[in-house]
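The structure appears right after this line, and notes come after that.
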Amino acid sequence: MYLEFNAVIELAQPSQRGRAPSLHFQVFYTTEQIFQFRFFLNRRSFLRIGLICFGSSNGFEKLVLLLFPGEFSEHVSDVAATENEIELGGRYTIKTHGRQLARSHKHDWLILILLAAIEITLNIIHPFYRFVGEGMMTDLRYPMKENTVPIWAVPMYAVLLPIAVFVFYYLRRGDVHDLHHSVLGLLFAVLITGVLTDAIKDAVGRPRPDFFWRCFPDGKDAYDWWGNVVCHGKDSDIKEGHKSFPSGHTSWSFAGLTFLSLYLAGKIKCFDSKGHVAKLCLIILPLLVACLVGISRVDDYWHHWQDVFAGGLIGLVVATMCYLQFFPAPYHSEGWGPYAYFQALEESRSTAPPTGNGIIMQRTATNSNNRVDQNWDSSFDAMESGRR
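Written out as structure tokens, the structure is:
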């Protein structure tokens, strides 16, 4: 199977004819690390090199450094990144490496199960019932309303939607490392966020803005000798009424959708310094959804604004930390793939056997630009005369 990509290097040093020649590379790539190059000078083919086998990483860069020492190698950085991006496509699938990858992260999956058990326990136990006096009820008499965003919808957009995006990318790229680590990182983000959020909820026990009607559904308030409320509402409503800080809807939303935004930013290379603002709009969209969910919690009188702010901050920080455990930062040159991908890439290159017809090319030291200036015209004039 051959994959083809092209690169063009505009050479800064003019030739004797008074114009700067351009050198075109046409590369045919195979999964056995064999490259076939065709060179064009000013759109005319003057040289063809057969099969060249690179026994170690960054083969395309090595060829350029060998032919053009110095500053010319800087022009092929994007092409070298493209080489890495296509090299393992389709070679590491769920069928071939999925079980092995899951086994290597079995302890991570066990920790996820433990986090899920802790999260369930935190939702079962009673929160701290904070003192609520009659004078505090002024800020806690907001009406009880239904959730604009129901609780069942949160995992739909914060977990299942990102996973659907991960699966879609896997179907296009066929890299199980990306699929496994993105799902694992997302689940860690939402579960760690959930545990932190519910642990703080139970410990703080802050009453919700609608606590009065949860405690006194008939509107008749009652207080004990110390001035604390004596609630006669439903136990489930009273229990839920002491879980205002921080907002669980907001923290879960920011955890899942921040992870999705970082994932998309890496995949579409949002921070490639090319000024494509449309990419930025795409990665802001999930964060906007998370913000709107947080605003709805204040509008529904289920949370104070401080609860929403704290929940959003928890989700944002945890998601970023979990993402960076598996992926480089989106602004990094290799931010489009997980760390495991590049590790497998290096292992594949180091263990690949050289072909009998190939030439093993080693990286040469970068020479000064003066050598290029002196030898440039004579080298290409000799090549041109050889063609004739």
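Note that our numbering has the sequence shown beginning at 145, numbered continuously upward.
A virtual CB, placed ideally from N, CA and C, is assigned to each residue, including glycine.
For clarity, every value in this text was computed on a predicted model and none was experimentally measured.
Selection from Arg285, His447 and Thr464 that minimises the alpha carbon distance to Thr292: His447
Three-way DSSP call (helix, strand, coil) for Asn267 in this model: helix
Bounding residues of the alpha helix (DSSP H) (the contiguous stretch that carries Pro430): Val421 to Asp443
Euclidean distance between Cα positions of Val462 and Gly338: 10 Å
Check whether Trp396 and Gly459 have beta carbons under 8 Å apart: yes
Nearest-angstrom Cα separation, counted from Trp369 out to Pro299: 44 Å
Local conformation of Val373 per DSSP, three classes: strand
Those residues which DSSP pairs with Tyr483 across a bridge: Paired residue(s): none; Tyr483 is not in a bridge.
Own chain, CB closer than 6 Å to Cys466, minus 5 neighbours either side, in chain order: Gly329, Phe332 and Ala333
Gly277 - partner residues in DSSP beta bridges: Its beta-bridge partners are Asn372.
Closest by C-alpha distance to Leu436, when choosing among His420, Phe453 and Leu424: Phe453
For Tyr313, the three-state DSSP class (helix, strand or coil): In this structure, DSSP gives Tyr313 a helical state, which the three-state scheme calls helix.
Contact the segment 414 to 428 vs the segment 309 to 317: 3+ CB pairs below 8 Å: no
Range covered by the alpha helix (DSSP H) that runs through Thr292: Segment: none, Thr292 is in no alpha helix (DSSP H) and carries neither H nor E.
Cβ-Cβ separation, Asn372 to Gly277 (assumed contact under 8 Å), whole Å: About 7 Å separates the two Cβ atoms, so the contact holds.
At least three beta-carbon pairs within less than 8 Å, the segment 381 to 398 to the segment 336 to 354: Result yes; three or more Cβ-Cβ pairs closer than 8 Å.
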